[in-house]
Structures are given as structure tokens and as C-alpha cells.
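> With our numbering applied, the sequence shown corresponds to residues 1 to 603, in that order.
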Amino acid sequence: MSLRPTIDFLLHDWLQVESLQSRERFADHSRETFDAVLDTCERIAREKYAPFNRTVDIEEPRFDGEKVILPQATHDAYKAYGESGMLSAAQDYEIGGMQLPYTVEAAANAFFAMASVSIGSGMLTSGNANLLMAHGTELQKQVFALNEFSGRFSGTMCLSEPQAGSSLSDVMTRATPDGEGFESDALGPRYRLRGNKMWISSGEHELSENIIHLVLAKIPDANGQLVPGVKGISLFIVPKKLVDTQGQLTGERNDVALAGLNHKCGWRGTTNTLLNFGEGKYPVRGGAGAVGYLVGRPGEGLKCMFHMMNEARIGVGMAATMLGMAGYYASLDYAKNRPQGRPTGAGGKDASRPQVRIIEHADIKRMLLAQKSYSEGALALALYSARLVDEQHTGQAKAADEARLLLEVLTPIVKSFPSEWCLEANSLAIQIHGGYGYTRDFPVEQYWRDNRLNMIHEGTHGIQAMDLLGRKVLMEGGQGLKLLAARMQATASRVSPEWADEARQLLDALQQVGAATQAAWKDAEPAQALANAVPYLQAFGHTVIAWIWLDVAQSAQGDAPAQVGRRAAARYFFRYELPKISAWLQVVSRRDPTCAEVPEDAF
Ligand SMILES: Cc1cc2nc3c(=O)[nH]c(=O)nc-3n(C[C@H](O)[C@H](O)[C@H](O)COP(=O)(O)OP(=O)(O)OC[C@H]3O[C@@H](n4cnc5c(N)ncnc54)[C@H](O)[C@@H]3O)c2cc1C
Numbered sequence: 001m002s003l004r005p006t007i008d009f010l011l012h013d014w015l016q017v018e019s020l021q022s023r024e025r026f027a028d029h030s031r032e033t034f035d036a037v038l039d040t041c042e043r044i045a046r047e048k049y050a051p052f053n054r055t056v057d058i059e060e061p062r063f064d065g066e067k068v069i070l071p072q073a074t075h076d077a078y079k080a081y082g083e084s085g086m087l088s089a090a091q092d093y094e095i096g097g098m099q100l101p102y103t104v105e106a107a108a109n110a111f112f113a114m115a116s117v118s119i120g121s122g123m124l125t126s127g128n129a130n131l132l133m134a135h136g137t138e139l140q141k142q143v144f145a146l147n148e149f150s151g152r153f154s155g156t157m158c159l160s161e162p163q164a165g166s167s168l169s170d171v172m173t174r175a176t177p178d179g180e181g182f183e184s185d186a187l188g189p190r191y192r193l194r195g196n197k198m199w200i201s202s203g204e205h206e207l208s209e210n211i212i213h214l215v216l217a218k219i220p221d222a223n224g225q226l227v228p229g230v231k232g233i234s235l236f237i238v239p240k241k242l243v244d245t246q247g248q249l250t251g252e253r254n255d256v257a258l259a260g261l262n263h264k265c266g267w268r269g270t271t272n273t274l275l276n277f278g279e280g281k282y283p284v285r286g287g288a289g290a291v292g293y294l295v296g297r298p299g300e301g302l303k304c305m306f307h308m309m310n311e312a313r314i315g316v317g318m319a320a321t322m323l324g325m326a327g328y329y330a331s332l333d334y335a336k337n338r339p340q341g342r343p344t345g346a347g348g349k350d351a352s353r354p355q356v357r358i359i360e361h362a363d364i365k366r367m368l369l370a371q372k373s374y375s376e377g378a379l380a381l382a383l384y385s386a387r388l389v390d391e392q393h394t395g396q397a398k399a400a401d402e403a404r405l406l407l408e409v410l411t412p413i414v415k416s417f418p419s420e421w422c423l424e425a426n427s428l429a430i431q432i433h434g435g436y437g438y439t440r441d442f443p444v445e446q447y448w449r450d451n452r453l454n455m456i457h458e459g460t461h462g463i464q465a466m467d468l469l470g471r472k473v474l475m476e477g478g479q480g481l482k483l484l485a486a487r488m489q490a491t492a493s494r495v496s497p498e499w500a501d502e503a504r505q506l507l508d509a510l511q512q513v514g515a516a517t518q519a520a521w522k523d524a525e526p527a528q529a530l531a532n533a534v535p536y537l538q539a540f541g542h543t544v545i546a547w548i549w550l551d552v553a554q555s556a557q558g559d560a561p562a563q564v565g566r567r568a569a570a571r572y573f574f575r576y577e578l579p580k581i582s583a584w585l586q587v588v589s590r591r592d593p594t595c596a597e598v599p600e601d602a603f
């Protein structure tokens with residue numbers, strides 16, 4: 001079972017990605033160049049990632065007191081990925097990029113996520129560098145971003161602290177001006193940072209020559225106090241090793257120290273670290289304090305960081321999706337080979353007949369269709385959203401602005417739907433394997449453990465839900481929601497006759513979501529409206545995926561088994577999944593207080 005035909009179908013038959021060639025930026029591209037990128041990534045993923053997925057799970061990163069040790073396979077995969085040019089795929093030709101549409105880049109990266117999500121494909125590095133390309137000075141781009149695109153340096157994002165996870169306004173890392181002339185450092189206004197950053201992925205390793213940390217910290221006011229709230233947060237480049245204006249290492253180690261590695265449930269191929277900034281373990285120029293260079297203006301750190309976080313959220317959604325796909329393929333293969341049980345005929349079961357393979361049982365098919373509908377539906381949504389990113393960057397002004405607004409509303413879904421439902425897919429993949437699925441002899445338990453992270457990082461599920469109901473559907477007069485509704489209505493109006501029932505069901509779901517949104521905000525009382533934000537997110541996500549499936553189904557013509565399968569997954573989603581939204585939306589519309597009002601001592 002190969003992912004490639006599904007990717008090809010979605011990119012070409014459904015999204016017609018070749019139409020992007022008409023844009024000046026992509027004029028040199030063609031189906032051939034897109035295929036070449038996909039071929040290369042598929043091959044590297046097959047050769048350098050997939051065979052080592054279990055290795056990186058078993059051989060967890062360890063610290064020998066000086067260095068973090070990772071399996072050789074991780075070094076080889078890192079090198080192969082860097083050499084493929086994928087880190088700078090979307091960048092301009094002048095700086096060594098391919099000017100590849102993001103839609104194709106996202107599709108190509110899907111192969112790595114499926115082969116071994118935790119070896120990783122440089123998402124943090126390219127996200128870090130992309131942020132610098134958007135908000136950095138010319139020299140910051142030259143010295144830091146370009147060396148990240150080449151793979152020479154790698155990148156991190158340092159937001160979380162032990163006491164500040166979801167609530168970033170409580171960040172306590174301090175940044176103070178670094179002596180006389182701090183403002184005129186060629187690399188950007190120079191500060192000294194002191195504080196602790198928790199959960200930092202890829203925060204320490206020997207994969208690259210240098211690690212470029214992007215760190216959120218607060219600059220104290222004239223009285224030495226930290227400004228409360230997110231307005232006080234600024235963004236800094238803090239390299240692990242100091243560099244000169246040519247990007248060469250100066251030989252000085254910056255004052256960033258590994259305090260410890262976190263030992264995780266899954267995703268073990270990536271180091272996860274607690275980093276101490278500025279505690280004096282590696283004094284710089286005679287003093288404690290990690291040297292950091294301001295990016296953008298003081299107080300605008302979170303705004304800049306959001307540039308990276310939105311990309312990261314699409315990336316997280318894609319990772320969750322591909323883990324769902326990996327489990328689907330593994331359990332499909334198992335179900336085709338495992339003999340167990342006999343069909344029940346009119347006279348009961350005939351024990352003299354050979355056992356059937358479990359794929360012949362309706363309940364196994366149910367679990368396979370559920371996985372397929374969650375994972376391929378989520379993949380289609382991720383690629384649709386990636387196509388919106390291309391529209392936002394290269395479309396005509398009106399279309400670009402619509403794409404921006406649609407992305408605002410869809411990003412929480414792109415991140416959270418697969419995080420929840422492709423995790424459920426992994427659980428079903430274990431179920432199909434029976435007891436064998438619960439052992440480490442089969443890959444599905446690792447997929448589940450790896451996937452369990454995705455509802456937690458890049459904004460927890462609860463935080464995504466509040467972002468959707470509390471901000472995204474209301475922003476700019478609810479324009480994003482209206483645009484999304486218009487797209488759903490357009491799909492419903494052009495379906496072929498055999499999809500008319502589903503089209504009606506979709507319009508009904510849309511009406512229910514709209515009514516619940518209004519009912520939740522009836523008295524504009526945020527605490528009441530948001531108390532049931534997660535059921536709202538679930539209903540919204542299911543409505544979006546139903547729409548995506550209805551749209552995909554219109555392109556899935558003919559009797560080829562893959563097309564029959566797509567139509568079956570679409571029907572499954574409408575019949576078994578979409579009806580769930582009524583229950584979810586009931587508590588939203590009623591602003592049900594059961595959870596909010598239960599007293600703590602009643603637990
Ligand atoms: C493996 C891993 C990798 C990570 N990588 C990075 C990284 O590279 N860089 C980085 O900066 N961070 C990283 N993180 C941190 C991650 O983003 C945080 O764990 C996440 O934001 C949640 O913060 P927390 O763990 O402090 O949980 P908390 O914020 O304490 O949340 C605990 C629970 O409370 C809920 N909650 C919190 N506030 C509210 C509220 N106002 N209303 C309702 N419910 C609420 C949450 O939804 C959650 O269920 C990583 C985490 C992990 C586990």
C-alpha cells in the first residue's frame with residue numbers, strides 16, 4: 001500500500017495544483033518538477049527514515065554529560081534531508097531555493113512524517129528561518145536564516161517555561177541590554193537573557209554546526225519590572241555558539257546550558273530539553289547571561305512568533321495525519337492476512353470451513369473506513385489549506401485576502417482534527433491487531449504513542465477550541481466563517497445527483513454550527529460561551545471534514561478500486577460521523593453549565 005497515489009490524486013485530480021504554474025513565481029514549474037520533488041522525498045523517506053523508526057524509539061536520546069547522543073540513523077537522515085534542498089524549497093532562487101509551491105512542499109514532507117515522524121524533517125528549522133526572513137534584518141537573514149536553509153545550522157522555538165505553557169503572558173525569561181553600545185550590534189540590538197525554557201524540541205544535539213534558538217523573553221521596564229501580559233514579550237535570536245557577521249563561529253560558546261532531557265511517551269527520536277539561559281555555566285566575555293539579538297520591535301515578540309506558530313500548526317496537523325495514515329496502512333495489511341473466525345450464515349457458523357481473514361468482517365471494515373475517513377480527510381484538508389497559503393502569497397489581492405481569512409478559521413481545525421481523530425485512528429489500528437497490537441512487535445502502538453503528543457503541543461486542544469470559538473469565528477465581523485460557509489454552499493450546489501442527500505446533510509450541519517455560534521455568544525458572556533469550546537471545535541471539525549469529503553468525492557469518479565474506496569470513506573463519514581455534531585452542539589447552544597459549575601470538592 002503506497003501513499004503516493006493518494007497524494008497524486010489530491011494534488012492533481014482534486015486541487016489541480018498545476019494551475020499554479022500560471023503564477024509568475026511558479027512559472028518554471030510543471031507536473032514533471034513537482035513529481036521530481038515527490039519522487040526524491042519518497043525515496044529518502046523510504047531509505048533513510050522508515051527502516052529506523054523503531055530504532056529511534058528504542059535508542060532514546062541520552063546525555064553523556066557533555067553531548068547528546070542520537071542514533072547514527074538520525075544523523076544520516078538529517079544529512080539526506082538537508083541535501084535534498086527541502087529546507088529552502090519555498091525560498092527564492094537567488095538564495096538557493098526552488099520557489100516550490102507550499103502545497104507541493106507540504107505534500108512532499110508528508111512522506112517523512114509517515115516514515116518516521118520523530119526523526120523529523122526540519123520543520124522547526126525551516127519555520128525558524130522563515131520567521132527570520134519575514135521579521136529579521138538583512139544581516140539576521142544572511143547570518144542565521146540562510147545557514148538554516150542550507151542545513152548548516154538548525155533551529156528551535158523557545159516559548160514554554162516550566163510555569164508558562166498555555167499562558168505565555170506569564171513568561172519570566174528576562175532580557176537586559178548588554179552593556180554600552182548594545183543597540184548598535186550589527187546582528188541586532190544585543191541583550192543578555194536569563195531564564196529557563198521547558199520542553200524545547202531539538203534544543204541540544206550534535207546534528208548541526210550550531211543551534212539557533214528563537215526565544216521569547218521580557219525586557220524589564222525602567223523600574224526593573226516585567227511588563228505583565230503578552231505586550232511585554234519580545235523575540236530574540238540566541239545562538240548556541242556565537243557567530244560573526246559572516247556567519248562563522250567565533251569559538252565562543254553562548255551561555256545556554258542543557259539542564260536535562262525529557263523522557264517522553266513517544267516521539268522519542270527528537271530530543272526534548274529543559275534549557276537554562278544565562279545561568280553562568282558558559283560565561284560569555286567574562287559574565288553570565290546568554291547573548292541574544294532582538295528580532296523585530298520590543299513588545300512584538302509574540303506577533304512575530306505567530307508567523308512560526310501558524311506554519312507549525314499546519315505541520316503538526318500533517319504529522320498527526322500521517323501517523324493516522326501509517327496506522328491505517330499497517331492495520332489494513334494485517335487485516336488482509338490474519339485469519340480469524342467464520343461468517344455467520346443462516347444456519348450459524350460452520351466450524352468445518354476454514355477461517356476467513358478478518359478484513360471480511362463488517363466490524364473490521366468499519367474500523368478501516370473510520371481510519372481512512374479521518375486520515376485521508378485530514379490529509380485533503382491539510383493540502384487544501386496549504387493551497388490557501390499559496391493563494392495568500394501569490395493570488396490577486398481579493399483572493400489573497402480571502403485565503404488569509406479562511407486560513408485563520410481553518411488553522412485550528414487543521415491542527416486539532418487530526419490530533420484527536422487520527423489518534424483515534426491509531427487506537428482503531430491497535431484494535432484491528434487484537435492482542436498483537438498491544439505489543440511492541442507491531443508498529444501500531446508506537447504510532448499511537450507518537451501521535452498522543454499532537455493534542456498537547458502547539459496550543460493544546462482546549463486552547464485551540466477557545467481560539468476558534470473565542471476569536472477566529474468572530475474576527476473581522478465573522479467574515480472568515482462567512483467565507484467558509486460560502487465555500488461549503490458552493491460544493492453542495494455542484495454535487496452530482498447521487499450525493500444530493502449528503503449535500504443536504506452538509507447544509508444542515510452548517511446551519512447547526514452557525515446557530516450554535518450565535519447561541520453561544522447570545523449574551524456575550526465569554527466564560528459561559530467558552531465553557532463548551534471543545535465540543536464546538538469537534539462539531540466544527542467534523543463539519544469541515546464532511547465538506548472536504550463531499551468535495552473530494554466529486555473528483556473520485558469511475559470504478560477503479562481507489563475511487564470506490566474514496567467514495568466509501570466519504571459516505572462513511574456522512575453516515576457514521578457527521579450525525580455526532582448534534583450532540584456536541586446541543587451543549588454549546590444551551591451553554592450547558594454542567595462542567596463549569598461542578599464544585600471542586602464534588603470530585
Ligand atoms: C514533546 C513536547 C514538545 C514540545 N516542544 C516545544 C517546543 O519546541 N517549544 C516550546 O516552546 N514548547 C514546546 N512544547 C510545550 C507545549 O507547547 C506545552 O506543553 C503546551 O503549550 C501546554 O503547556 P503545559 O504543558 O504547561 O500545560 P498547561 O498549560 O499547564 O495545560 C494543562 C492543561 O490545562 C489546560 N488549560 C490551560 N489553560 C487553560 C485555560 N485558560 N482554559 C482551559 N484550559 C486550560 C490545557 O488545555 C491542558 O489540558 C512541547 C511539549 C511537549 C510535550
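Quick reminder that beta carbons are idealized off the backbone N, C-alpha and C, glycines included.
Rounded to whole angstroms, what is the Cα-Cα separation between Leu294 and Phe236?
So the alpha carbons of these two residues sit roughly 4 angstroms apart.
> Would you mind sorting Gln340 into buried or exposed? The rule is 16 or more other CB atoms within 10 Å of its CB.
Per the 10 Å Cβ criterion, exposed.
> In the DSSP output, which residue or residues are listed as bridge partners for His213?
Looking at the DSSP assignment, His213 forms a beta bridge with Thr156 and Val238.
> Rounding to the nearest angstrom, what Cα-Cα distance links Thr604 and Gln246 in this structure?
Any question about residue 604 goes unanswered here, given that the chain covers just 1 to 603.
> With a 10 Å radius around its C-beta and 16 neighbouring C-beta atoms as the bar for buried, classify Gly251 as buried or exposed.
Gly251 is exposed by the Cβ-count criterion.
> What residue from Ala164, Leu193 and Gln464 has the CA that sits closest to Ala228's CA?
Looking at the sequence provided, one finds Pro at residue 228 rather than Ala. Among Ala164, Leu193 and Gln464, the Cα nearest to that of Pro228 is on Ala164.
> Check this for me: beta carbons of Glu502 and Phe442, under 7 angstroms apart or not?
Contact: no.
> Can you find a heavy atom of ligand 1 that lies under 6 angstroms from the Cβ of Ser166?
Indeed, a heavy atom of ligand 1 lies less than 6 angstroms from the Cβ.
> Looking at the structure shown, is Thr394 part of a helix, part of a strand, or coil, going by DSSP?
Note: Thr394 maps to helix in three-state DSSP.
> Assuming Gln554 and Val495 are in contact, meaning their beta carbons sit under 8 angstroms apart, how far apart are those beta carbons, in whole angstroms?
Between Val495 and Gln554 the Cβ distance is about 6 angstroms, and since that is below 8 angstroms, they are a contact.
> Quick one: measure Cβ to Cβ for Thr394 and Arg25, integer angstroms, because I've assumed they're closer than 8 angstroms.
Sure, about 5 angstroms apart at Cβ, within 8 angstroms.
> When the Cβ atoms of the region 43-57 are set against those of the region 74-90, are three or more pairs found closer than 8 angstroms?
Touching, per the Cβ criterion.
> Considering only C-alpha positions, which residue in the set Ala509, Leu258 and Asp178 is nearest to Gly286?
Checked all of Ala509, Leu258 and Asp178; the closest Cα to Gly286 is Asp178.
> Considering just the uninterrupted stretch of the alpha helix (DSSP H) at Trp448, what are its terminal residues?
Segment Val444 to Asn451, the alpha helix (DSSP H) holding Trp448.
> Assuming Pro177 is part of the beta strand (DSSP E), what are its boundary residues?
Unbroken beta strand (DSSP E) run through Pro177: Arg174 to Pro177.
> Indicate, with yes or no, if ligand 1 has a heavy atom lying under 6 angstroms from the CB of Trp199.
Yes, ligand 1 has a heavy atom inside 6 angstroms of this Cβ.
> Could you give the residue range of the beta strand (DSSP E) that holds Phe277?
Phe277 -> beta strand (DSSP E) spans Asn272 to Phe277.
> May I ask you to report which of helix, strand or coil DSSP gives Tyr536?
Correct three-state label for Tyr536: helix.
> Tell me where the alpha helix (DSSP H) around Ile7 begins and ends.
Unbroken alpha helix (DSSP H) run through Ile7: Arg4 to Asp8.
> Rounded C-beta distance between Tyr572 and Leu423? I'm assuming under 8 angstroms.
Actually they do not touch by this definition, with Cβ atoms about 18 angstroms apart.
> With a threshold of 8 angstroms, are at least 3 pairs of Cβ atoms found where one atom belongs to the region 378-386 and the other to the region 97-108?
In short, these stretches touch, since the Cβ pair count reaches three.
> At the level of alpha carbons, what is the spacing between Val284 and Arg194?
Each residue's Cα considered, the two are about 13 angstroms apart.
> Quick one: does the C-beta of Gly120 sit closer than 6 angstroms to a heavy atom of ligand 1?
Outside the cutoff, so no.
> Regarding Asn272 and ligand 1, is the C-beta to nearest heavy atom distance less than 6 angstroms?
Yes.
> For Ser419 and Pro298, what's the separation of their Cα atoms in angstroms?
Approximately 34 angstroms between the Cα atoms of the pair.
> Less than 8 angstroms between the CB atoms is what I'm expecting for Leu483 and Leu550, so what's the real figure, rounded?
So it is not a contact: roughly 17 angstroms between Cβ atoms.
> From which residue to which residue does the beta strand (DSSP E) around Ser118 run?
Where Ser118 is concerned, there is no enclosing beta strand (DSSP E), given that its DSSP letter is neither H nor E.
> Thinking C-beta only, is Leu323 closer than 7 angstroms to Val117?
Yes, the pair counts as a contact, with Cβ atoms nearer than the cut-off.
> Ile212 and Gly155 - do their beta-carbons sit closer together than 7 angstroms?
Yes; because the gap between Cβ atoms is below 7 angstroms, this pair is in contact.
> For Tyr93, count neighbouring C-beta atoms within 10 Å of its own C-beta (all shown protein chains included) and say buried if the count is 16 or more, exposed if not.
The residue is exposed, with fewer than 16 neighbouring Cβ atoms inside 10 Å.
> Taking all protein chains shown into account, decide if Tyr536 is buried (16 or more other Cβ within 10 angstroms of its Cβ) or exposed.
Tyr536 is buried by the Cβ-count criterion.
> Does the distance from the CB of Arg378 to the CB of Thr460 come in under 7 angstroms?
Going by the sequence as given, residue 378 is Ala instead of Arg. Taking 7 angstroms as the Cβ cut-off, Ala378 and Thr460 do not qualify as a contacting pair.
> Go ahead and label Pro605 buried or exposed: buried means 16 or more other beta carbons lie within 10 angstroms of its beta carbon, across all protein chains shown.
The structure shown does not extend to residue 605, since the chain is modelled only from 1 to 603, so the question has no answer here.
> According to DSSP, is Ala524 helix, strand or coil?
Coil.
> Note down, in chain order, each residue of its chain lying with its Cβ closer than 6 angstroms to the Cβ of Ala108, except the 5 sequence neighbours on either side.
Taken in chain order, the residues that qualify are Val37, Leu38 and Cys41.
> Identify whether Ser373 lies in helix, strand or coil by the three-state DSSP scheme.
Ser373 falls in the helix class under three-state DSSP.
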